[in-house]
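Worksheet: one structure, shown below.
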Amino acid sequence: MARKIKLKFDESLVEFSLRKISKSKIYGERRIEYRLNGEVLENAKITTDGMHILPKSSIAQQYVNERNEYTSISEIIYTDPDGKELPQYESHFNKEIMIEVFELSNFFNFQTDDIYLMEVEDDLQSSLRNFYEKCLKYFNEGKLIKTTYAFRKTPFPKNMVFIPKDNKIIICVGDFRGPVFNESKINIDELISQLDEENLDEELLEMW
Numbered sequence: 018m019a020r021k022i023k024l025k026f027d028e029s030l031v032e033f034s035l036r037k038i039s040k041s042k043i044y045g046e047r048r049i050e051y052r053l054n055g056e057v058l059e060n061a062k063i064t065t066d067g068m069h070i071l072p073k074s075s076i077a078q079q080y081v082n083e084r085n086e087y088t089s090i091s092e093i094i095y096t097d098p099d100g101k102e103l104p105q106y107e108s109h110f111n112k113e114i115m116i117e118v119f120e121l122s123n124f125f126n127f128q129t130d131d132i133y134l135m136e137v138e139d140d141l142q143s144s145l146r147n148f149y150e151k152c153l154k155y156f157n158e159g160k161l162i163k164t165t166y167a168f169r170k171t172p173f174p175k176n177m178v179f180i181p182k183d184n185k186i187i188i189c190v191g192d193f194r195g196p197v198f199n200e201s202k203i204n205i206d207e208l209i210s211q212l213d214e215e216n217l218d219e220e221l222l223e224m225w
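In my numbering, the protein residues as written are 18 to 225.
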């Protein structure tokens, strides 16, 4: 049984679970196989000494403390650059979560990691319809609803964005990441001046 999330909106409460939608189910899947002597080849990592092959899913990440002792991820304390402990966000399975409305135009800065379908029990379909109507109302006004996504207690929660579509609610999980612009350190005027000083002909300059 999938774990339930309790979402508070207005004076109502909808309890739902997430059903993951894979990209292959939406777009199909295409696979390229490389074979040798009729056998399918697989990608694998090799150790630095060249003596051992590490098949797929054979590598795991572990955390250790200053004494190189294994440490559970639940015991890790995250801090800022000044050493101050970062606030923790409780798992959305352990509390009621609240909605927040934002402008649809800001969704262009949203980077989706996973896509889910919102599901409820049969006896709670009315609450799902009410929430769908609320999402649709905001959508028609150029707005969307979001809330915090934290599968487990973490200082780095993601966001859930609710999108109404054909009487269903699609949930995009990810982060808002604005575009990154790198400032050019090349002085174009100085570069053109240097080209002029080298007496390059106009045809070459146009090609450049």
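Even glycine gets a Cβ: it sits at the ideal position worked out from N, Cα and C.
All of these numbers come straight from a predicted model, not from anything done at the bench.
Cα separation between residue i and residue j?
i, j, result
"Leu-134", "Ile-188", "6 Å"
"Asn-111", "Gly-45", "36 Å"
"Arg-9", "Ser-108", "Residue coverage of the chain in this structure runs from 18 to 225, which leaves residue 9 outside it and unanswerable."
"Gln-79", "Ile-180", "36 Å"
"Lys-185", "Gln-142", "11 Å"
"Thr-64", "Asn-85", "21 Å"
"Phe-124", "Phe-193", "8 Å"
Thinking C-alpha only, which one of the options is nearest residue i?
i, options, result
"Leu-132", "Asp-206, Val-57, Asn-176", "Note on identity: in this sequence residue 132 is Ile, with Leu being the wrong assignment. Of the candidates Asp-206, Val-57, Asn-176, the one whose C-alpha sits nearest the C-alpha of Ile-132 is Asn-176."
"Ile-49", "Leu-58, Ile-94, Lys-42", "Leu-58"
"Ile-116", "Ile-90, Ala-167, Glu-158, Lys-25", "Lys-25"
"Glu-120", "Glu-158, Gln-105, Met-68, Asn-54", "Glu-158"
"Ala-167", "Val-137, Val-190, Lys-182", "Val-190"
"Asn-126", "Ile-114, Gly-67, Val-178", "Val-178"
"Lys-62", "Ile-76, Gly-55, Asn-54, Arg-52", "Ile-76"
What residues match up with residue i in a beta bridge as DSSP calls it?
i, result
"Ile-22", "Phe-33"
"Asp-192", "Gln-128"
Start-end ranges of the alpha helix (DSSP H) lying completely within the stretch 125–175, minimum 4 residues: Counting only runs of at least 4 residues, the stretch 125–175 fully encloses the following alpha helix (DSSP H) elements, listed from N- to C-terminal order: 142–157.
Assess, as a yes-or-no matter, whether the stretch 147–155 is touched by the stretch 27–36 under the definition of 3 or more beta carbon pairs within less than 8 Å. Segments in contact, yes.
Segments of 3+ residues assigned as beta strand (DSSP E) that fall wholly inside the stretch 72–133: List check, beta strand (DSSP E) in window: 113–115, 117–120.
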